[in-house]
Structures are given as structure tokens and as C-alpha cells.
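In what follows, a single structure is set out as C-alpha cells and then discussed.
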Amino acid sequence: ARDWSRPATSLALFDEGRVTLGDPGRDEPLLRFHSLTRALLVLTPEDRVELVGGALLAGDPLETTGPILLESLRASLLRITNQSQRSATLACRDQRLELGPGESLDLPLLARGCAPAEEDAEPQRFEVSGIALAFHGRVERHDELGRERAGVTLSALEPARVLALGVDVRLETGGTARFSGLSQVSEARPADPSAVPPPHSP
Numbered sequence: 032a033r034d035w036s037r038p039a040t041s042l043a044l045f046d047e048g049r050v051t052l053g054d055p056g057r058d059e060p061l062l063r064f065h066s067l068t069r070a071l072l073v074l075t076p077e078d079r080v081e082l083v084g085g086a087l088l089a090g091d092p093l094e095t096t097g098p099i100l101l102e103s104l105r106a107s108l109l110r111i112t113n114q115s116q117r118s119a120t121l122a123c124r125d126q127r128l129e130l131g132p133g134e135s136l137d138l139p140l141l142a143r144g145c146a147p148a149e150e151d152a153e154p155q156r157f158e159v160s161g162i163a164l165a166f167h168g169r170v171e172r173h174d175e176l177g178r179e180r181a182g183v184t185l186s187a188l189e190p191a192r193v194l195a196l197g198v199d200v201r202l203e204t205g206g207t208a209r210f211s212g213l214s215q216v217s218e219a220r221p222a223d224p225s226a227v228p229p230p231h232s233p
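Numbered as in my numbering, the sequence shown ends at 233 without a single skipped number.
In C-alpha cells form, the structure reads like this:
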């Protein structure tokens with residue numbers, strides 16, 4: 032539970048910006064930036080903020096961290112400058128970056144988003160035609176059950192990661208991956224143990 036006797040996270044927006052509030056009690060970021068020109072943040076240990084593009088910014092786990100300056104340099108670049116005496120942490124896709132006191136980072140705002148990958152979450156699993164698959168993210172599944180080309184095609188509805196047949200595939204939104212096993216061959220009839228070879232004719 033939040034300790035209301037401690038200082039709260041604070042935000043100062045300059046020029047233009049749009050922010051919505053989340054519910055940390057539901058594991059949501061306290062603030063979500065949808066757009067900004069320039070902003071100053073002070074973060075308490077229990078709070079995270081979601082930057083434009085989806086990357087998550089958090090301060091020191093024990094002490095209040097700030098100010099942290101956010102600046103939009105142009106449409107596709109966000110500068111983060113840690114002006115505090117504490118370190119901040121940025122989670123972006125499959126990277127966790129530490130921003131020390133006085134350090135600055137220019138974060139590209141990728142078209143596919145900067146939200147951290149949820150690799151720690153338990154993947155969803157299923158099996159089709161003898162192929163075991165595990166995946167993170169939302170995908171659409173198309174089974175192919177023909178005898179000659181049994182398999183499955185996955186279409187990503189968001190950035191996703193799929194593991195199958197010893198292959199690790201990362202898909203962007205709209206990307207597809209097809210997995211197929213060996214061709215299905217009907218089993219041969221077992222040999223008749225009572226059969227004897229025909230007599231050899233001279």
C-alpha cells in the first residue's frame with residue numbers, strides 16, 4: 032500500500048502535453064504520456080511512468096528521484112536527462128538501461144513502440160500436428176491439418192515472440208510465421224511373424 036506520509040510523484044508540464052493517470056494498485060504506471068514538449072518529473076520509489084512510445088521510467092527503489100527532464104527534440108526523439116542525485120531506470124523493449132546522476136539519453140520513438148517485452152510472464156502454449164509452441168503477445172492462429180503440409184501459421188496482432196521447433200522468432204505487428212512438421216506418412220503394415228519365405232525352386 033502507498034505510504035501517504037511520503038512525498039508524492041510530481042509533474043510539471045511546459046508548453047504542450049497530454050498525460051493520463053493510471054492505477055498503481057492494478058500494476059499500471061502512475062502516469063502515461065501521450066505527447067509532450069517539455070516536462071519535469073520527480074519520482075517516488077513505488078511509482079513508474081510510461082513515456083511516449085511505451086517505455087517505462089522508474090526512479091531509485093528506495094529514495095525519491097528527481098528532477099528528471101523530458102524533452103521532445105523532434106517528432107521521433109525524446110531526450111531524458113537525470114538531474115537528480117539518484118539513478119533512474121528505463122525499460123525499453125528487451126533492454127533495461129540505468130541513467131545515472133547527470134546522464135542524458137536520447138530515446139528514439141519507434142513506429143513499433145518502445146514498450147518493454149514481457150519476457151518474465153508465463154508464455155501461452157499450445158500444440159498442433161505434433162508441434163509444441165510457446166508465445167508472448169497476442170497472435171492469431173491458423174491451423175493447417177492436411178496430410179502433406181500439416182502445421183500452423185501465426186499472425187501477430189501486436190509485437191510478439193514465438194518459440195517452436197527450436198526456433199525463437201520475434202514478430203512485429205502484422206508479421207507472420209509458419210511452422211510445419213515432417214510430412215504425415217501413413218504407418219506401414221507390421222510384418223506377419225508367421226510368414227515363411229517361399230520355397231526356392233531349382
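Using N, Cα and C, we set each Cβ at its ideal position, and we do this for glycine too.
Here the structure is a predicted model, which means the values were calculated and not measured.
Asked                                                                                                                                     : Found
Leucine 176 to phenylalanine 166 span [Cα, whole Å]                                                                                       : 20 angstroms
Touch test, the stretch 117 to 134 against the stretch 76 to 95, Cβ-Cβ under 8 angstroms, three pairs minimum                             : yes
Rounded Cβ spacing between glycine 97 and leucine 74 (contact assumed at less than 8 angstroms)                                           : 6 angstroms
Per-residue burial, valine 216 [other beta carbons within 10 Å of its own, 16 or more giving buried]                                      : Residue placement at valine 216 is poorly supported in this model, since its pLDDT is 43, which falls under 50; the coordinates still yield a value, given next. Classification of valine 216: exposed, given that the 10 Å Cβ count is below 16.
DSSP beta-bridge partners of leucine 100                                                                                                  : Leu71, Thr112
Coil, strand or helix - proline 139 by DSSP                                                                                               : strand
Buried versus exposed, by CB contacts within 10 Å (16 or more), alanine 39                                                                : exposed
Buried or exposed (CB count within 10 angstroms, at least 16 for buried), aspartate 125                                                   : exposed
Alanine 26 and phenylalanine 210 closer than 7 angstroms at C-beta                                                                        : Any question about residue 26 goes unanswered here, given that the chain covers just 32 to 233.
For arginine 63, the residue or residues it bridges with in DSSP                                                                          : Thr51, Glu81
Nearest-angstrom Cα separation, counted from alanine 163 out to glycine 205                                                               : 22 angstroms
Short Cβ contact (7 angstroms threshold) for aspartate 137 with valine 159                                                                : no
Proximity below 7 angstroms, CB of proline 190 to CB of glutamate 203                                                                     : yes
Residues near alanine 43 in its chain [Cβ-Cβ closer than 6 angstroms; skip 5 each side]                                                   : Leu71
Chain-order list of residues whose beta-carbon lies under 8 angstroms from that of leucine 108 (same chain, five-residue window excluded) : Asp137, Leu138, Pro139, Leu140
Straight-line Cα distance separating leucine 104 from threonine 112                                                                       : 12 angstroms
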